[in-house]
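Engineer: In my numbering, the protein residues as written are 17 to 133. C-beta: ideal position from N, C-alpha, C; glycine also. Predicted, not measured: the structure shown is a model, and the values here were computed from it. Here it is, the structure in full.
This is the structure we're talking about:
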């Protein structure tokens, strides 16, 4: 576990997991076995992160979302509340739904690039 991480109550941390720095894990989160978290990530309340999943730097996982086992959330992703992610995501993407789908992208500066309908 890295530095300056905040993990709130009722959170399960699976064996063999790793966590970078400056992350916020809210209450009632389940982190499965051998998860990997980068830096500056927020996982909101009620989320489930499956075993051997990876969340890269500067990503946000919305309230009550589920990331299935062996899934990679690319850097600077936004996963909308209640989403179920069943496949790897693309960098800088915004994903919502069950199963989740890309609704847009942003550049490193946070500027929207395009939107899928």
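Buried or exposed, going by whether 16 or more other CB atoms sit within 10 Å of the CB of residue 22?
Structural biologist: Walking along the chain shown from the start, residue 22 turns up at place 6. It is exposed - the Cβ of residue 22 has fewer than 16 other Cβ atoms within 10 Å.
Engineer: In whole angstroms, what separates the C-alpha of residue 62 from that of residue 17?
Structural biologist: Mapped onto the chain shown, residue 62 falls at position 46. Mapped onto the chain shown, residue 17 falls at position 1. Taking the straight line joining both Cα atoms gives about 21 Å.
Engineer: Using a 10 Å radius around the Cβ and a threshold of 16 neighbouring Cβ atoms, would you call residue 51 buried or exposed?
Structural biologist: By 1-based counting over the chain shown, the position of residue 51 is 35. With 16 or more other Cβ atoms within 10 Å, it is buried.
Engineer: If I follow the unbroken beta strand (DSSP E) through residue 120, where does it start and stop?
Structural biologist: In the chain shown, counting from the first residue as 1, residue 120 sits at position 104. Taken as a continuous stretch (DSSP letters only), the beta strand (DSSP E) holding residue 120 covers 116-121.
Engineer: Under a three-way DSSP split, which group does residue 93 fall into?
Structural biologist: Translated into the one-based positions of the chain shown, residue 93 becomes position 77. In the structure shown, residue 93 sits in coil (DSSP, three-state: anything other than H, G, I, E or B).
Engineer: What distance in whole Å lies between the Cβ atoms of residue 85 and residue 66, which are believed to be in contact at a cut-off of 8 Å?
Structural biologist: Translated into the one-based positions of the chain shown, residue 66 becomes position 50. Translated into the one-based positions of the chain shown, residue 85 becomes position 69. The Cβ separation is near 4 Å, so the contact holds.
Engineer: Considering only residues of the same chain and omitting the five flanking positions on each side of residue 73, which have a CB-CB separation below 8 Å?
Structural biologist: Taking the chain shown and counting its residues from 1, the one referred to as residue 73 is at position 57. Only 36, 54, 55, 56, 57, 91, 92 meet the Cβ criterion.
Engineer: I'd like to confirm the pairing. Which residues does DSSP put opposite residue 111 in its beta bridges?
Structural biologist: Here residue 111 refers to the residue found at position 95 when the chain shown is read from its first residue. Beta-bridge pairing links residue 111 to 95, 118.
Engineer: Does DSSP classify residue 57 as helix, strand or coil?
Structural biologist: If you number the chain shown from 1, residue 57 lands on position 41. In the structure shown, residue 57 sits in coil (DSSP, three-state: anything other than H, G, I, E or B).
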